[in-house]
Structures are given as C-alpha cells and as structure tokens.
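Student: Be aware that the sequence shown starts at 6, since it is given in this note's numbering, and climbs by one per residue.
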Amino acid sequence: YPADHGVNLKLPGRKERLYLSNVEADSVLKEVKIKPYYRRYILCLTLESENFAADNTDMPNICAIDFGVSNFAAVVCNDGSSMLYKGGAVLSECQWFHKKKAKAVSIITKGHEHMHASSRYLSALSRHHADFIKDQCIKSAAAL
6 YPADHGVNLK
16 LPGRKERLYL
26 SNVEADSVLK
36 EVKIKPYYRR
46 YILCLTLESE
56 NFAADNTDMP
66 NICAIDFGVS
76 NFAAVVCNDG
86 SSMLYKGGAV
96 LSECQWFHKK
106 KAKAVSIITK
116 GHEHMHASSR
126 YLSALSRHHA
136 DFIKDQCIKS
146 AAAL
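1) Alpha carbons only, please: which of Phe77, Ala69, Leu96 is nearest the one belonging to Asp84?
2) Going by DSSP, what residues sit across from Cys68 in a beta bridge?
3) Closest to Phe152 by C-alpha separation, out of Lys40, Glu118, Asp140, would be which residue?
4) Measuring alpha carbon to alpha carbon, tell me which residue in Gly73, Asp71, Leu14 is nearest Leu48.
5) What number of angstroms, rounded off, separates the C-alpha of Ile150 from the C-alpha of Ala122?
6) Among the residues of its own chain, which have a CB less than 7 Å from the CB of Lys106, if the five just before and after it don't count?
7) Which residue comes first and which comes last in the alpha helix (DSSP H) that contains Ser124?
8) Who pairs with Asn76 in a beta bridge, going by DSSP?
9) Could you spell out the range, first to last residue, of the beta strand (DSSP E) harbouring Tyr43?
10) What are the boundary residues of the beta strand (DSSP E) that Val28 is part of?
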C-alpha cells in the first residue's frame with residue numbers, strides 16, 4: 006500500500022503493517038521468502054520497479070563491486086575512482102573457523118558411523134563466523 010515516502014506491507018494473518026521507507030510506491034511485490042536464521046527469521050522481499058536509481062539525475066554515478074577472497078572487494082565507479090578492500094582478516098577468520106570446526110566434528114563423530122555433527126559449540130562457532138563476515142561486509146559498505 007502506498008504511503009507518504011514509501012510503502013506499507015501487509016502480511017497475511019497480521020493486522021500490523023510493515024513500513025518500508027526505501028521502496029518506491031510503483032514497485033510490484035514478486036516474491037516473499039521467510040528464512041530461519043539462528044532462532045530468528047529473515048524476511049526477503051523481491052520487488053520489481055520501473056524506476057531505477059541509474060535513471061535518477063540526482064545520482065549520476067554508478068559503481069561495480071567485485072567480491073573475492075584475497076581482495077575482499079574491488080570497487081570501480083564511472084567517475085574514475087576505485088577502492089580496494091584487502092581480504093586478509095576475512096581469509097584468516099575463515100581458516101580459523103574451518104580449523105576449529107574440523108577439530109570439533111572430529112571429536113564429536115569419533116566412533117560413530119555418521120559424519121554429521123551438531124552441538125552448541127558448533128552452533129556458536131558458526132554464529133561467530135557468520136557475524137564476523139557480516140560485520141566486515143557492513144564496515145566495507147559503510148566506507149563506500
């Protein structure tokens with residue numbers, strides 16, 4: 006539903022509406038996904054809009070982002086500027102995470118025929134890893 010500076014989203018079975026300030030009023034909702042995420046849920050919306058940011062005269066610049074491993078992100082803009090974010094911290098964190106996870110899975114599955122393992126430690130380790138990667142993405146995005 007259109008609002009003053011955004012839209013209101015009405016979900017089935019709920020009286021409340023979610024206010025989305027950054028969505029254009031002429032956008033069409035194509036898909037809604039609700040994904041479980043560590044005892045919480047993530048609401049993923051797929052929208053289609055006729056008005057793209059590239060058509061806006063207030064924002065004439067466009068940038069491209071290339072994500073990698075040794076270089077976390079390489080950013081190039083059409084105004085001639087570029088930025089490079091090193092991926093050393095992320096690579097080191099990934100190596101540490103996989104080392105700790107392999108050791109824990111080895112201990113948990115020793116003497117069992119199934120190689121699947123789950124424990125609070127593994128869940129906490131995975132949560133720490135996901136939060137670190139997410140934090141690095143947010144810090145890189147904020148620097149742009």
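Every residue, glycine too, gets a C-beta built ideally from N, C-alpha and C.
Tutor: From the atom records:
1) Ala69
2) Cys82
3) The structure shown does not extend to residue 152, since the chain is modelled only from 6 to 149, so the question has no answer here.
4) Leu14
5) The displayed coordinates of the chain run from 6 to 149. Any statement about residue 150 would go beyond what the structure contains.
6) Leu127, Leu130
7) Note, Ser124: premise wrong, no alpha helix (DSSP H); not H, not E.
8) Lys91
9) From DSSP, Tyr43 is part of no beta strand (DSSP E); its letter is neither H nor E.
10) No beta strand (DSSP E) holds Val28; DSSP gives it neither H nor E.
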